[in-house]
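Have a look at the structure below, then the notes.
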Amino acid sequence: MTQSFVEQLFGLSGQVAVVIGGTGVLGGALAEGVAKAGAKVVVAGRDPEKGAARVEAIKSAGGRASFAPVDVTHRDSIAGLLDHVLTTDGQVDMVINGAGVNSASAYLEAKDEDWDRVFQSNLKAVHWGCQIFGGQMASAGGGSILNIASVSAHLPLSRVFAYSAAKAAVVNLTQNVARELAPSGVRVNALSPGFFPAEQNRKILDPARIETIMKQTPMARFGDPRELVGATLLLLSRNAGSFITGATYYVDGGFTAMRL
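The numbering used here runs 14 ahead of the 1-based position in the sequence shown.
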């Protein structure tokens, strides 16, 4: 297998990728990976400093990137992001809906405001991203959308009820939007990461829970954010992933294999 064959299959040269949530740990790793595959990456998030740092990391590695501010809790902000990208880059070929927050509590102690906040960022923002960017891609004749779900969408995990419910809805939304947009050449898939050292996990993973998770993960470790890049390139690539839509891929060290 030659290098040119791999590049042809998975390469993203000449394409523009928008990574919503690209200022975070997982989203940032995906942004860097997509850039290394040749795409121009728009890192979108609320923190300009983190965005600038991620853009610099991409450029230092020889990639092309820019930062664009977005507040995923407001539809107008996501619509404005699309307008900005079309103005600056002229096209949008793929979008990763990767913004998210978490809130941990016992179910009977869960507060409405926490549920609303989690659903706003983890589900409604994904819906807006799919609708706004998917509409543009459909008009342009095609594209690829990748929604970030979670293994918690598929299994009952303690103390993350709102997050799990929102991510389960993301998986269902992905399937429905994939069916809706397929005739327009737009593919829509989801990625369900297992346990990674992401920012939203720090407050809910105490030592006892970490020990339990490791016992239930055949590979007995946390994932490295860079280990999400391979599946991401498969699902985004118009060549390698050309017949994949409505799918959810697990990258979890075998966690779901132990539980399903």
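Just so you know, even glycine gets a beta-carbon here, dropped at the ideal spot from N, CA and C.
Secondary structure at F19: helix, using DSSP grouped into helix, strand and coil.
DSSP assignment within the region 38 to 76 yields the following whole alpha helix (DSSP H) runs of 4 residues or more, N-terminal first: 39 to 50 and 62 to 74. Rounded to whole angstroms, the gap between the alpha carbons of G25 and A51 is 5 Å. In this structure P207 is in contact with L40, their Cβ atoms being roughly 7 Å apart against a cut-off of 8 Å.
A straight-line Cα-Cα distance of about 28 Å links A176 and P62.
Using a Cβ distance threshold of 9 Å, D126 and S119 do not count as a contacting pair. Within 10 angstroms of the beta-carbon of Q17 lie fewer than 16 other beta-carbons, which makes it exposed.
Ranking A245, V30, R252 and Y264 by CA distance to the CA of A43 puts A245 first.
Spanning the alpha carbons of I227 and S153 requires a straight line of approximately 44 Å. The beta carbon of R131 sits closer than 6 Å to no other beta carbon from its chain once the five residues preceding and following it are set aside. Rounded to whole angstroms, the separation of the alpha carbons of N111 and G36 is 9 Å. About 5 Å separates the beta carbon of I146 from that of I92, a gap short enough to meet the 8 Å contact definition.
For the options L137, T231, R235 and V174, the alpha carbon positioned closest to that of A204 is the one of L137. Assigned with DSSP and collapsed to three states, V243 falls in helix.
For the pair V191 and I162, the CB atoms are not nearer than the 9 Å cut-off.
Taking all protein chains in view, the Cβ of F236 is crowded by 16 or more other Cβ atoms within 10 Å, so the residue is classified as buried. Separation of Q189 and V33 (C-alpha to C-alpha, rounded to the nearest whole angstrom) is 20 Å. P239 counts as buried, since at least 16 other C-beta atoms from the protein chains shown sit within 10 angstroms of its C-beta.
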